[in-house]
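Number of protein chains: 2
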Amino acid sequence: MNDYSVVGKRVPSVDGKPKVTGEAMFTVDIQLPGMLCGKVLRSPYPHAKILNINTDKAERLQGVQAVLTGADLPNKKFGLFTNLPDTHDQTALAIDKVRYIGDEVAAVAATDEWIAEEALDLISVEYEELPPIFDPHEAMKPSAPLIHENVENNISRTARFHHGDVDKAFKEASYVREDMFATQPVTHCAFEVHAAVAHWEQSGKITLWSSTQSPFKTAETLSLYLGLPLNKIRVTKQFVGSGFGGKCDGLFPIDAIATLLSKKAEHPVKIVNTREEEFCTTRKRHPYTISLKTGVKKDGTLLAMDIKAVADSGAYNSWGPAIIGRAGVQSFMGYRLPNIRYEGHHVYTNKSTSGAMRGWGNLQMRFSADSQMDMIAEELGIDPLEIRMINAHHTDDIMPNKAWISSCAMSECLRRVSDSEGWKKRWSKMPHNRGLGAGIWAYVSSARQMSHDATAAIIKVFEDGTATLLTGATDIGQGSNTTLAQIAAEELGINIEDITVVSGDTEITPFDFGTYSSRVTYISGNAVKAAAQDVNRQLFAFVAEKLEADLSNLIAKDGRIHVKRSSKKGMTFSEAVKGCLYSKEFHVLGKGLYSTPTVMVNQETYEGHSSPAYGYGADIAEVDVDRETGQVSVIRLKGAHDCGQAINPMQAEGQLEGSACQGLGQSLYEDLLEEKGQVMNPSFLEYKVPTALDMPVIENDLVEQPDPGGPYGAKGMSEGSIIAISPAIANAVYNAVGVRIMDLPITPEKILKFLKGGKE
Amino acid sequence: MNDYSVVGKRVPSVDGKPKVTGEAMFTVDIQLPGMLCGKVLRSPYPHAKILNINTDKAERLQGVQAVLTGADLPNKKFGLFTNLPDTHDQTALAIDKVRYIGDEVAAVAATDEWIAEEALDLISVEYEELPPIFDPHEAMKPSAPLIHENVENNISRTARFHHGDVDKAFKEASYVREDMFATQPVTHCAFEVHAAVAHWEQSGKITLWSSTQSPFKTAETLSLYLGLPLNKIRVTKQFVGSGFGGKCDGLFPIDAIATLLSKKAEHPVKIVNTREEEFCTTRKRHPYTISLKTGVKKDGTLLAMDIKAVADSGAYNSWGPAIIGRAGVQSFMGYRLPNIRYEGHHVYTNKSTSGAMRGWGNLQMRFSADSQMDMIAEELGIDPLEIRMINAHHTDDIMPNKAWISSCAMSECLRRVSDSEGWKKRWSKMPHNRGLGAGIWAYVSSARQMSHDATAAIIKVFEDGTATLLTGATDIGQGSNTTLAQIAAEELGINIEDITVVSGDTEITPFDFGTYSSRVTYISGNAVKAAAQDVNRQLFAFVAEKLEADLSNLIAKDGRIHVKRSSKKGMTFSEAVKGCLYSKEFHVLGKGLYSTPTVMVNQETYEGHSSPAYGYGADIAEVDVDRETGQVSVIRLKGAHDCGQAINPMQAEGQLEGSACQGLGQSLYEDLLEEKGQVMNPSFLEYKVPTALDMPVIENDLVEQPDPGGPYGAKGMSEGSIIAISPAIANAVYNAVGVRIMDLPITPEKILKFLKGGKE
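Going down the list, the protein sequences come from chains A and B.
With numbering that gives the first Met the number 0 applied, the first sequence covers 0 to 759.
With numbering that gives the first Met the number 0 applied, the second sequence covers 0 to 759.
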């Protein structure tokens with residue numbers, strides 16, 4: 000057992016009070032002198048040429064300070080920030096043509112919202128409709144109209160790789176099967192809609208407050224788009240009301256629009272999405288079709304997979320070209336798979352854009368592969384948990400892409416859920432219409448795949464022994480301000496209350512790419528730990544000299560710096576800080592740098608070591624299926640999760656429960672319905688996310704086997720359960736009523752259709 | 000000659016554009032959601048007991064959100080932040096008694112200014128008048144009423160010390176004379192009045208935007224006053240419209256009042272002084288009476304001084320107890336003085352409070368000593384510049400208080416002004432009513448006397464090769480953002496445009512005590528230089544490895560890091576940064592620490608080495624005196640100033656000219672008239688500061704003899720000329736018409752009185 004004082008403890012969120020009292024300021028709450036309201040005119044057509052835009056009337060409307068069209072934009076495109084070529088395909092406003100219903104066409108800044116909306120009505124746009132295309136498989140055909148003229152067959156990226164000898168392995172396999180799976184588009188439903196406030200000062204300095212997961216990505220993208228240096232662009236944020244991947248594009252059109260409107264209007268401009276805009280024009284999870292051919296030995300050992308995937312990009316790339324590759328790589332995360340061939344196409348259609356969403360690429364692949372695994376197990380007469388145990392990864396395994404696994408407690412996770420649920424006794428003898436099903440997840444702790452992954456942190460210590468932590472990490476509700484404060488407090492031996500966190504501001508905080516790929520605890524956490532160690536180095540030097548103690552024999556604990564096993568020989572943390580400051584030989588300011596020991600993924604071979612560590616977990620769903628209505632009720636979810644070391648078990652559980660909730664939505668309820676490119680359910684009345692009443696009992700075990708590289712052994716785990724939940728529920732439904740649903744969501748209609756005979 | 004690229008250049012202010020366009024936001028410009036207006040009820044009596052305060056009516060007025068009286072305050076006093084005992088004597092609002100006309104008695108926060116003022120009218124206060132005392136010499140008498148009950152004889156601090164053997168020296172002197180001098184109260188007249196916006200969040204976090212010279216001092220004082228940890232108090236600033244010492248108290252009552260009102264009202268509160276409040280209730284320069292007994296050798300060499308000073312504190316201490324000591328010490332700055340005895344009393348009166356002001360303590364002492372020096376020179380038949388040359392300090396001199404002089408070009412300054420003005424030929428043969436007079440200044444570059452003096456800086460480098468400099472230094476208009484950016488740019492070998500400065504925010508920037516005692520260029524500059532060197536260390540390591548070059552042979556210059564004398568073997572700064580970030584072995588974030596090699600002044604013996612360096616200068620004034628009106632016209636001012644190395648000659652000249660302008664005001668025009676404690680001239684209509692039309696031709700030479708410890712050899716010089724101007728003008732008036740004015744200001748009335756026969 001460790002004897003940590005702060006790490007591993009159920010510390011309340013450091014941001015809890017302002018959120019609970021309502022004092023927390025979000026982007027929408029920003030007030031600046033002279034600030035204008037920005038609004039966006041959007042395309043009513045899924046695919047059309049813009050022949051002419053007349054803004055005269057709008058410009059003449061009293062209260063309108065600026066009108067912006069494609070003609071005002073930089074002659075550039077922006078997009079994701081990776082080492083992939085030619086993925087930048089978006090402009091702040093459409094130029095020449097629109098590609099989906101909702102595409103940004105023009106924008107206004109006015110003294111209030113009503114004038115801005117009236118001005119939008121006064122802008123007349125002449126369109127020439129073009130044939131739209133909504134199905135990615137149709138879009139790939141040579142006859143299909145091109146959505147981006149330079150992109151052949153509308154395929155913006157094909158990820159193609161193989162490791163091992165797949166054909167040989169299939170020949171050696173005892174059993175081979177091939178299935179088709181499909182997943183639906185769902186969207187993030189962040190409580191806070193996308194919002195941006197921009198202030199382009201006449202001195203040339205730009206400040207952009209954006210509801211973003213990654214201010215640094217936003218700044219870098221804006222810098223490239225506008226051709227301005229990074230020190231002239233400050234991107235910062237207020238509190239962020241969650242993101243789930245939906246706010247980690249480098250730049251959203253409204254960020255750039257607000258910025259350019261501010262320049263033109265010479266005033267700050269605020270743009271806040273309506274909830275309808277949020278549903279229709281922000282990102283969603285890629286719908287995938289996945290053809291999965293798998294060969295196994297007689298005992299269930301995986302030998303080979305041959306995967307063909309098609310992802311529906313919608314109108315623009317966003318993170319899709321990276322996700323289509325990662326989906327392939329993630330087919331062998333969690334299980335040993337020596338031979339793999341993958342071909343994934345990322346295809347444009349005239350619909351809203353798909354992008355990053357919690358568990359990106361992995362969820363779709365894991366639903367398919369973990370559903371199929373149950374089908375294989377049944378065929379071979381193996382217990383579903385047994386076949387997972389047989390194939391599970393272990394510490395020090397090397398994956399076929401040459402990535403190595405520094406720690407893995409997958410087997411322990413499987414054992415825990417199996418034992419606690421009495422799986423072996425219960426699974427094969429479930430009551431009528433009741434079912435148990437299992438799924439697993441494995442996920443990165445950061446991803447160098449996309450760019451550099453270096454991070455730093457600063458700890459400023461006040462003379463009363465309290466401190467400020469400056470980190471580029473971005474707390475979007477997941478709790479990084481709390482966990483990073485815990486790490487700093489633990490290392491410095493002080494209380495978490497003594498640490499104030501300043502985070503995610505490109506001008507103020509050290510560089511950090513922000514919140515995505517479950518990277519913050521691991522990557523930023525290591526930098527914070529290093530910064531605290533740097534503080535200690537300085538304080539210890541002072542204390543050692545004052546006390547004539549051996550430097551290497553000092554520790555910082557419980558608010559004191561003292562000789563190990565002799566706590567009286569020491570001084571308080573505050574005394575040490577004061578001593579340093581008041582002397583002329585010592586000083587104190589902590590700087591921590593961290594660079595991951597990872598290897599950039601080669602975008603041809605897809606070999607590489609993109610993550611320094613991987614989290615793992617297993618979930619079991621228990622369901623009840625109503626044969627009359629087809630309704631699936633999830634009774635309970637039991638999970639066990641290898642997070643290395645939970646820095647804050649309460650927050651880890653919160654993340655897992657939230658992830659399970661979103662997984663439940665993806666499995667049973669959510670579906671962004673697009674008919675001829677028009678989103679048909681753009682509100683919470685029509686788009687159904689699980690509410691508290693829909694939630695089953697959830698129990699999660701945290702399996703703590705410290706990772707050698709993580710701070711205190713911690714690994715990423717926040718995307719977690721969402722990946723495992725869909726196959727677990729699908730498998731449980733099959734266990735309950737013998738219906739195998741292979742396309743999400745698992746609706747009553749689909750189940751009833753099966754139950755009434757025949758396939759879906 | 001140096002070959003600097005940015006340092007030493009006439010770089011325009013980095014803050015110039017926002018100030019010129021009007022976009023610069025000052026504290027008064029802050030808008031926050033729900034922000035209230037705070038107003039202060041002030042005492043109409045100079046000295047009175049508060050018997051009762053009734054706030055019922057005010058509290059019932061619609062729109063009033065909080066009313067604050069002394070009963071709401073912490074049971075503590077606040078004051079200056081030094082190693083002096085028992086100087087804390089102020090509360091945010093008066094408790095039990097008031098001590099001057101304007102003393103804060105109650106405060107309200109209301110939804111607008113008019114309601115707030117109406118509410119003040121509704122507060123009824125019952126006073127019992129006490130006998131007031133306005134003259135410090137009267138106040139010291141045993142019969143005088145006590146202003147602070149615990150302070151005997153109203154003397155809040157007596158500074159008393161001697162170095163050498165004064166009595167023996169007087170016996171050995173060829174000539175001894177004793178004179179009385181006096182200086183008047185003047186005030187800072189900062190263009191921006193004092194203002195504070197406070198937000199006490201329900202989570203317990205306090206943010207205070209204050210128009211302050213030292214956010215860190217304010218935070219520390221507020222932390223002690225409220226008993227809250229420093230990490231819960233963020234003190235920050237917007238642009239500051241100058242301070243001149245008037246904004247470097249740790250805490251002003253309005254800072255604390257706004258903070259406590261915000262807590263009570265549960266909303267942000269803004270308080271902005273009216274200009275009348277600014278004149279009547281903020282700080283002013285201490286009026287001093289100085290009795291100066293000086294003994295010299297026949298050749299004019301100074302042997303001894305015996306000084307008795309009385310400073311009029313007004314109602315509270317502010318920085319006075321420190322200044323009364325420093326005034327004594329400053330008697331021997333500039334000239335070699337082996338024997339010195341000093342006794343200075345800092346005395347309470349029932350008037351507005353005196354405090355820090357440009358050249359604190361030194362101006363009063365230098366006016367006296369440099370006036371007397373001319374009187375001695377005349378008596379001994381020595382040329383006034385000659386006697387100064389004879390006594391001038393030199394590099395490596397050690398002062399009687401054991402402080403050592405690392406660099407001193409006083410002689411060169413004297414030689415320059417003498418030569419350029421043709422002094423020797425002209426001085427003794429000036430035309431009718433024309434006069435030349437000289438004065439000198441010598442001043443610290445920081446002062447450890449008051450507390451610790453450690454500082455740090457951070458440089459964050461973006462991958463495009465631009466950077467952010469984080470410094471606790473506070474640009475209040477003096478230009479430190481520019482000079483510090485120049486230092487960073489020079490060291491990194493990049494352009495000043497590539498650096499953005501974030502300064503003076505206790506939560507965000509490294510610790511720095513802020514702007515006072517001409518410390519910023521030297522102290523903060525050294526930290527910035529160190530931070531840049533830290534960046535270079537990291538980049539050079541990368542570049543050396545990449546280019547297989549010798550680490551010690553690399554330089555950063557003109558946007559490149561390359562091998563010395565082989566600029567092609569190198570890479571751009573930006574390439575080096577990118578290389579570091581994209582590697583896993585290197586990283587880049589600069590941290591610079593600086594601690595002055597100074598020794599705290601002992602507050603008994605007044606020995607110590609409070610400043611790491613000293614700036615020096617000499618000024619010559621040429622005046623024309625109208626014998627009919629007594630009006631003095633300053634025709635020209637010629638100065639030569641040892642600033643080590645001017646980081647930005649344009650800004651250095653700006654500081655010297657501004658200082659000369661204020662010196663002119665102190666010498667001729669300004670006088671805060673207080674009758675029975677009531678300020679009689681509380682507006683710019685009545686209180687006369689020099690305008691552009693009053694300004695003479697000013698010429699200044701910068702004497703650049705680099706100091707071994709300053710960044711690029713720079714030293715402090717911004718307080719400069721103001722110290723030398725008064726004696727220079729007084730001496731010039733004597734030279735012109737034979738009238739010796741020994742009490743400032745030099746008014747036409749005083750001159751006429753002399754000219755009409757008899758003494759003043």
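Ideal placement from N, C-alpha and C gives every residue a C-beta, glycine not left out.
For THR258 (chain A), no beta strand (DSSP E) encloses it; the enclosing alpha helix (DSSP H) starts and ends at 252-264. Here GLU127 (chain A) carries a strand assignment [DSSP, helix/strand/coil]. Within the region 13-66 of chain A, the complete beta strand (DSSP E) segments at least 3 residues long are 35-41, 47-53, listed from N- to C-terminus. Judged by their CB atoms, SER682 (chain B) and ILE724 (chain B) are not nearer to each other than the 7 Å cut-off. The region 338-352 of chain A makes contact with the region 147-157 of chain A: 3 or more CB pairs, one atom from each, lie closer than 8 Å. Scanning the region 561-595 of chain A from its first residue to its last, the whole alpha helix (DSSP H) runs of 4-plus residues come out as 572-581.
SER317 (chain A) sits in coil when the DSSP states are folded into three classes, being neither helix nor strand.
If you draw a straight line from the Cα of ASP670 (chain A) to the Cα of GLY203 (chain B), it comes to about 43 Å. For ASP166 (chain B), the enclosing alpha helix (DSSP H) has its first and last residue at 165-171. At a cut-off of 7 Å between beta-carbon atoms, ALA455 (chain B) makes contact with chain A.
Cβ-Cβ distances below 7 Å link VAL165 (chain A) to ALA303, ASP305, ASN338, ILE339, ARG340 in the same chain, with the five nearest sequence neighbours on each side left out; the list follows chain order. Looking at the backbone, the Cα of ILE745 (chain A) and that of TYR287 (chain A) are separated by about 15 Å. Flagged as an interface residue toward chain B: VAL501 (chain A), by a C-beta distance shorter than 7 Å. For ASN601 (chain A), the CB contacts under 8 Å within the same chain, skipping 5 residues up- and downstream, are GLY607 in chain order. Our two residues, THR499 (chain B) and THR465 (chain B), have alpha carbons roughly 8 Å apart in a direct line. Straight-line spacing of the CA atoms in PHE461 (chain B) and ASP533 (chain B) works out to 15 Å. Scanning B:ASP71, B:ARG425, B:GLY354 for the CA closest to the CA of ILE619 (chain B) turns up B:ARG425. The shortest CA-to-CA distance from VAL175 (chain A) to any of A:SER142, A:GLY299, A:ILE94, A:VAL196 is the one to A:GLY299. Taking C-beta atoms as the reference points, GLY249 (chain A) and PHE80 (chain A) count as a pair closer than 7 Å. Distance from the Cα of THR628 (chain A) is smallest, within the candidate group A:ILE560, A:ASN680, A:LEU588, A:VAL736, for A:VAL736. Note on geometry: alpha-carbon atoms of HIS198 (chain B) and THR217 (chain B) lie some 15 Å from one another. Between LEU754 (chain A) and ARG626 (chain A) a beta carbon distance of about 6 Å is seen, short of the 8 Å cut, so the two are scored as contacting.
Listed along the chain, the chain A residues whose CB falls inside 7 Å of the CB of ALA466 (chain B) are ASN230.
The shortest C-alpha to C-alpha distance from SER222 (chain A) to any of A:PHE133, A:THR206, A:ASP742, A:GLU703 is the one to A:THR206. Neighbours of LEU538 (chain B) across chain A, judged by C-beta separation under 9 Å, do not exist; the nearest C-beta is about 13 Å away.
By the rule that beta-carbons nearer than 7 Å mark a contact, PHE461 (chain B) touches chain A. Contact check between the region 520-539 of chain A and the region 486-497 of chain B: fewer than three CB pairs, one atom from each, fall below 8 Å, which does not count as touching. The CB of ASP178 (chain B) never comes closer than 7 Å to any CB in chain A; the least such distance is about 40 Å.
Here PHE585 (chain A) is buried. Its C-beta has 16 or more other C-beta atoms within 10 Å.
With a cutoff of 7 Å on beta-carbon distance, ALA314 (chain A) and ARG98 (chain A) are scored as near each other. In the DSSP assignment, ALA108 (chain B) forms a beta bridge with B:GLY37, B:ALA65. Chain A places a beta carbon closer than 7 Å to that of LYS16 (chain B), counting this residue as a contact. For GLU200 (chain A), the chain B residues whose Cβ falls inside 7 Å of its Cβ are PRO17, GLU22, in order along the chain.
For LYS675 (chain B) and ALA172 (chain B), the gap between their C-alpha atoms comes out near 44 Å. Residue state for LEU79 (chain A) is assigned as coil, using DSSP reduced to three classes. Put simply, the backbone Cα of PRO141 (chain B) is about 30 Å away from that of HIS162 (chain B).
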